[in-house]
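The opening residue of the sequence shown carries number 6 in the working numbering; numbering runs sequentially from there. Ideal Cβ positions, reconstructed from N, Cα and C, are used throughout, including at glycine. Here's the structure we're looking at; comments come further down.
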Amino acid sequence: MTIAPEAPAYTGPIAHLSREDVEQLGRELDAIRQEVIDTRGERDAAYIHKVIKVQRSLELGSRAVLLASIFPPAFVVGTVGLSIAKILDNMEIGHNIMHGQWDWMRDPKIHSTVWEWDNASTAEGWKHSHNELHHTYTNIVGKDNDLGWGIMRVDEEQRWTPASLAQPLMNFLNMCIFEYGIAAYDLELGKMRRLKKSGRDMPEGWHEMAQNTVRKIRRQALKDYVAHPLLSMVTLSGPTTLLANLTANFVRNVWTHSVIMCGHFPEGVETFELKDIPENETRGEWYVRQMLGSANISGSKFLHIMSGNLSHQIEHHIFPDLPSNRYAEIAPKVRALFDKYGLNYHTAPMPQQVASAWHKVVRLSFPNGFLESTNVRNAPKQFGKLVKAVRGDTRTRRRILKEFEAAGAASVGKAV
């Protein structure tokens with residue numbers, strides 16, 4: 006999507022909308038938001054209290070069962086229970102409380118300013134990188150590091166480099182250790198390394214934030230990989246409890262990574278260039294960017310809870326501070342506005358969204374036009390040119406990349 010600040014109209018997927026259309030859409034979304042705010046109350050408070058109670062009971066019960074994890078049935082039950090408890094803690098509880106979704110209750114124990122979660126990221130670091138940066142600059146290439154977590158090529162307009170070929174592997178590794186990847190992302194380690202290399206000073210407060218993150222990682226590791234296994238040594242279940250904790254953290258990492266990938270990375274979800282965003286972006290234009298830069302996951306109520314209701318990513322990005330249990334309720338109203346204004350409401354089952362997101366990761370790891378112009382007959386020649394692009398100098402690489410792009414465009418033209 007392109008929003009030209011001086012142009013009288015929009016281009017791309019909202020080219021059919023006038024500026025008044027966009028602002029009217031914003032007013033209608035504001036009305037939906039206000040309706041939820043006006044009706045927040047006891048049933049919402051009861052919901053979050055119940056989820057927290059279930060999560061804590063499940064974690065405590067699972068850790069108790071793991072005291073006997075030397076026996077396979079106890080190991081399986083305890084590991085599954087602990088995995089679910091960790092997912093609930095991160096997704097439906099921690100993520101949403103730290104968004105401020107429950108601050109209206111004025112509960113001193115369930116408030117964005119005091120909540121800490123079972124994760125390598127500190128609450129303060131995460132709130133800055135996620136709430137302040139990601140939700141402000143959603144899907145703006147170069148500004149929103151949640152879009153590819155700063156390690157991947159996420160848009161055709163981004164320059165391809167030989168390092169891009171490794172991004173499927175990098176994404177897989179990041180998935181396996183996702184909580185640590187997010188902690189590194191919160192600290193903007195790549196940016197800090199470039200600052201240090203150029204001889205510039207680190208931002209004020211960064212060293213303290215880094216120390217807090219290291220302390221948080223140490224506490225998490227001591228809890229999962231030392232304290233609980235030691236407790237289980239009484240029943241000779243120390244090694245199996247250690248394995249259960251490793252497994253639960255791995256499951257939580259893979260699940261969280263997959264849910265987040267589904268929210269912003271499937272094929273067809275819009276990305277944006279900073280130069281195309283109006284300097285004084287209106288609320289209506291901000292809403293449209295959130296709507297087109299997000300995707301939903303269809304599925305059961307259990308899936309919605311386990312995803313932290315980020316299965317309603319569109320609704321969450323439009324209204325990040327509304328209680329997560331209300332997203333399913335307002336989703337039909339939001340979708341009706343998509344239909345009314347001729348916009349694409351991107352939703353699909355989780356397997357389809359995950360596959361689409363991974364397809365995009367792989368597709369963008371290759372130069373533009375490479376996959377479109379490659380077939381069984383010309384594959385050896387195409388990969389030979391790709392090797393030359395990797396090994397060649399800058400001039401050679403640019404020439405080959407242009408050839409790939411032209412051939413890809415020609416192939417698409419023939420298919421049409």
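Are there 16 or more other CB atoms within 10 angstroms of the CB of residue i, so buried, or fewer, so exposed?
i	result
phenylalanine 177	exposed
aspartate 344	exposed
leucine 241	exposed
glycine 130	buried
glutamate 97	buried
aspartate 123	buried
glutamate 275	buried
arginine 294	buried
What does a CB cutoff of less than 8 Å around residue i pick up in its chain, not counting 5 residues either side in sequence?
i	result
alanine 215	Leu192
For my contact list, residue i and residue j are in at a C-beta cut-off of 8 Å; report their separation, rounded to the angstrom.
i	j	result
asparagine 330	aspartate 49	6 Å
methionine 157	methionine 175	7 Å
lysine 132	methionine 110	Their Cβ separation, rounded to whole angstroms, is 18 Å, which puts lysine 132 and methionine 110 out of contact at 8 Å.
histidine 317	alanine 336	6 Å
valine 359	methionine 207	Actually they are not in contact, since the Cβ atoms of valine 359 and methionine 207 sit about 37 Å apart, beyond 8 Å.
isoleucine 57	tryptophan 260	Incorrect: roughly 19 Å between the Cβ atoms, too far for contact.
Between the alpha carbons of residue i and residue j, how many angstroms are there, rounded?
i	j	result
leucine 369	aspartate 108	40 Å
serine 88	aspartate 149	29 Å
serine 67	valine 82	7 Å
methionine 296	serine 237	48 Å
serine 378	proline 372	11 Å
proline 78	phenylalanine 255	20 Å
threonine 352	glycine 210	40 Å
isoleucine 310	threonine 401	51 Å
glycine 105	glutamate 184	21 Å
phenylalanine 324	arginine 38	7 Å
tryptophan 456	tyrosine 190	No information on residue 456 is available, as it lies outside the stretch 6 to 421 that the chain covers here.
lysine 202	asparagine 179	24 Å
leucine 63	lysine 306	19 Å
Got a sec? Which residues, its chain only, sit under 6 Å from residue i by beta carbon, not counting five neighbours each side?
i	result
valine 41	Leu327 and Arg331
glycine 31	Arg288, Gly289 and Tyr292
valine 264	Ser312 and Leu315
isoleucine 145	Phe277 and Leu279
phenylalanine 375	Phe409
glutamine 387	Thr379
Short of 7 Å in beta carbon distance, which residues of its chain neighbour residue i, apart from the five on each side in sequence? Order them along the chain.
i	result
glutamine 357	none
alanine 249	Leu71, Ser74, Phe80, Gly83, Thr84 and Leu87
leucine 247	Tyr230 and Pro234
Scan the region 185 to 273 and note each continuous alpha helix (DSSP H) run of 4 residues or more that stays entirely inside, going in chain order. Qualifying alpha helix (DSSP H) stretches, in chain order: 194 to 202, 211 to 227, 233 to 237 and 243 to 269.
Restricting to runs no shorter than 4 residues, where is the alpha helix (DSSP H) found entirely within the region 262 to 344? Listed in chain order, the complete alpha helix (DSSP H) runs (minimum 4 residues) inside the region 262 to 344 are 288 to 297, 306 to 311 and 318 to 323.
Which residue spans inside the region 340 to 391 form an unbroken beta strand (DSSP E) run of at least 3? If we require 3 residues or more, the beta strand (DSSP E) runs fully inside the region 340 to 391 come out as 352 to 354.
Inside the region 34 to 88 only - alpha helix (DSSP H) runs reaching at least 4 residues: For the alpha helix (DSSP H) assignment, the uninterrupted runs of no fewer than 4 residues enclosed by the region 34 to 88 are, from N- to C-terminal side, 47 to 70.
Would you list, in sequence order, the uninterrupted beta strand (DSSP E) runs of no fewer than 3 residues that lie entirely inside the region 124 to 190? DSSP assignment within the region 124 to 190 yields no whole beta strand (DSSP E) run of 3 residues or more.
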